[in-house]
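Data block below; observations after.
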Amino acid sequence: MRVLGIETSCDETGVAVYDGERGLLAHALFSQVELHAPYGGVVPELASRDHVRRLLPLISQVLADAQLRKQDIDAVAYTAGPGLIGALLVGAAVGRSLAWAWQKPAVSVHHMEGHLLAVMLETHAPSFPFLALLVSGGHSQLVRVDGLGQYEILGDSIDDAAGEAFDKTAKLLGLGYPGGPVLARLAEQGQAGRFHFPRPMTQRPGLDFSFSGLKTFVMNTWQAQVDPDEQTRADIALAFEEAIIDTMAIKCQRALQQTGLTQLVIAGGVGANRRLRAVLTTLGTTLGVQVFYPRPLFCTDNGAMIAYAGYLRLLAGDRQDLAFYARPRWPI
Ligand code: KG4
Ligand code: ZN
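All letters in the sequence shown, in the order written, are residues 1 to 332 by the UniProt record's numbering.
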């Protein structure tokens, strides 16, 4: 079975074809970063309009790259949520309509399920059950994954998600959008030890995350600097990155010890962060736990994870009727 996957939940247009026997055949991504950069964040209406412009050419490109004709596609999977409603509607309308025109089934996919399962596209992939640290722009969760659709949320963000904390902290340091990767790059120039920020909610038991206080702490520190230079900015970026990553590592360790799981998966956009990957790899070695990551390109939003999750959903018998589905808020 060959599945065309379509992702348009936020500011990336992603398309891919996954083949049940041959794996990922082709994938393409169009990032809207340049479009939104002047506004310091994603402008939903601009995002929707750009998905309209990009999606059909990207689908043609992916079919050409995979040397497939439209009749070679057996099903269409599209992201139905969570995400920006206008952006979701573009992918849902196009995906559902193509499936109807091609007389093939369509399946709607949960964006976070796509992130959770993206690691299965790698050669170094876990088997069920595993613990996932799911950290993106809208989520910070620890999830016990026992199988497709068998997800138990062990910990959740009670305020800002990890990616949101990266983005907001980057903004207050004057780094613009997209904040996370820019802050991470700047932190590489930072000198360790000059600033130290708290590791929120690690002193009490539990697996929930809270990062908004950390952001405020950074803001107060930054504003207290008299005429700060570039090195100070980098040092603060590094101290923030260390604090947020340490916090995630402490919670991962706790969750691994509580569940007895021996495999840890890092998923979602923040999973592209090099320091996070390094710190969790070290933690895994210490605990005797295997650690798995998607390649950085498949940590952030992409069509491949939607094609793959859609493929598994179709195998499990999921199909949608002729309506198209878009749910901006949708718990996993
Ligand atoms: O998964 P994703 O692409 O979209 C959502 O589903 O939200 O995640 C985007 C988030 C953004 O907040 C972005 O700043 C963050 O992932 N991110 C990073 C890095 N790359 C992306 N955060 C820290 N370090 C990075 N290298
Ligand atoms: Zn995402």
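Ideal Cβ placement from N, Cα and C applies to all residues, glycine included.
Task: Presumed contact (8 Å Cβ cut-off) between Q141 and L148, rounded CB distance - done: Position 141 of the sequence shown holds residue 141. Position 148 of the sequence shown holds residue 148. In fact, because the Cβ distance is near 17 Å, the residues do not count as touching under 8 Å.
- [ ] Would you kindly work out how many angstroms separate the C-alpha atoms of A26 and M219, rounded to a whole number?
- [x] Along the sequence shown, read from residue 1 onward, the residue named residue 26 stands at position 26. Along the sequence shown, read from residue 1 onward, the residue named residue 219 stands at position 219. So the two alpha carbons sit approximately 43 Å from each other.
Task: Residues that Y78 bridges to, as DSSP identifies them - done: To locate residue 78, count along the sequence shown from 1; it is residue 78. Paired residues: I6 and S108.
Open item on the list: If I measure Cβ to Cβ from H196 and keep anything under 7 Å in the same chain, skipping five residues before and after, which residues do I get?
Closed with: For the purposes of this step, residue 196 is identified with residue 196 of the sequence shown, where counting begins at 1. The residues are A239.
- [ ] Flag this pair as yes or no: are the beta carbons of A77 and V109 separated by less than 8 Å?
- [x] Stepping through the sequence shown from its first residue, residue 77 is reached at position 77. Stepping through the sequence shown from its first residue, residue 109 is reached at position 109. Contact flag set, yes.
Task: CB contact flag (W330, P44, <8 Å) - done: Taking the sequence shown and counting its residues from 1, one reaches residue 330 at position 330. Taking the sequence shown and counting its residues from 1, one reaches residue 44 at position 44. Taking 8 Å as the Cβ cut-off, W330 and P44 do not qualify as a contacting pair.
Task: Ordered list of alpha helix (DSSP H) runs contained in the segment 202-238, each at least 4 residues - done: 212-223
Open item on the list: Given 7 Å as the limit, tell me if D167 has its C-beta closer than that to any heavy atom belonging to the ligand ZN.
Closed with: Mapped onto the sequence shown, residue 167 falls at position 167. No, since every heavy atom of the ligand ZN falls outside the 7 Å radius drawn around the Cβ of D167.
Task: Proximity winner among T123, Y18 and L297, relative to G310 (alpha-carbon distances) - done: What you label residue 310 is simply residue 310 of the sequence shown in a count that begins at 1. Here the closest residue by C-alpha is Y18.
- [ ] Write down the C-beta distance between P294 and G271 rounded to the nearest angstrom, noting that I regard them as a contact closer than 8 Å.
- [x] In the sequence shown, the residue the question calls residue 294 occupies position 294. In the sequence shown, the residue the question calls residue 271 occupies position 271. G271 and P294 do touch by the CB rule: their CB atoms are close to 7 Å apart, below 8 Å.
Open item on the list: Counting C-beta neighbours from all protein chains within 10 Å, is the total for L121 16 or more, i.e. buried, or is it exposed?
Closed with: Position 121 of the sequence shown, counting from 1, holds the residue named residue 121. It is buried - the Cβ of L121 has at least 16 other Cβ atoms within 10 Å.
Task: Range covered by the alpha helix (DSSP H) that runs through E96 - done: On the sequence shown, position 96 is the one that residue 96 refers to. Residue identity check: residue 96 is Arg in the sequence provided, not Glu. Where R96 is concerned, the enclosing alpha helix (DSSP H) starts and stops at I85 to W102.
- [ ] Return helix, strand or coil for V289, following the three-state DSSP convention.
- [x] One-based indexing of the sequence shown puts residue 289 at position 289. Coil.
Task: Which of helix, strand or coil DSSP assigns to H196 - done: By 1-based counting over the sequence shown, the position of residue 196 is 196. In the structure shown, H196 sits in coil (DSSP, three-state: anything other than H, G, I, E or B).
TODO: Can you check DSSP and say which residues form a bridge with residue 368?
DONE: Residue 368 falls outside the range modelled here, since the chain spans only 1 to 332, and no answer is possible.
- [ ] Find the nearest neighbour of V33 within the set K104, S210, L68 and L46, judged by alpha-carbon distance.
- [x] By 1-based counting over the sequence shown, the position of residue 33 is 33. Looking at the Cα atoms, L46 is the closest of the given residues.
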